[in-house]
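Peer 1:
Residue numbers (our numbering): 41 to 94.
(1) Can you tell me whether residue 76 is helix, strand or coil according to DSSP?
(2) Thinking residue 45 and residue 60 are a contact (beta carbons under 8 Å), I'd like their distance in whole angstroms, please.
(3) Alpha carbon to alpha carbon, how far is residue 55 from residue 49?
(4) What does the alpha-carbon distance come out to for the pair residue 47 and residue 87?
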């Protein structure tokens, strides 16, 4: 499963720009399809675990 920036923003209750910023700053790994980013589910889980452990 992959998330779009829009679906992940909804899941995390934040704005799409915040997701794009995480991708740009290489805190969240993603790949582009067309004009939008796709974020793999395992990458979302990895990021969430890192945030919890900080």
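We put the beta carbon where it would ideally sit given N, CA and C, even for glycine.
Peer 2: Reading it off the structure:
(1) Counted from its first residue, the chain shown places residue 76 at position 36. Three-state result, residue 76: strand.
(2) As a first step, residue 45 is located in the chain shown; it is residue number 5 there, counting from the start. As a first step, residue 60 is located in the chain shown; it is residue number 20 there, counting from the start. Between residue 60 and residue 45 the Cβ distance is about 6 Å, and since that is below 8 Å, they are a contact.
(3) The sequence position of residue 55 within the chain shown is 15, counting from 1. The sequence position of residue 49 within the chain shown is 9, counting from 1. Answer to the nearest angstrom: the Cα atoms are 5 Å apart.
(4) Within the chain shown, residue 47 is the residue found at index 7, counting from 1. Within the chain shown, residue 87 is the residue found at index 47, counting from 1. Straight-line Cα distance between these residues: approximately 16 Å.
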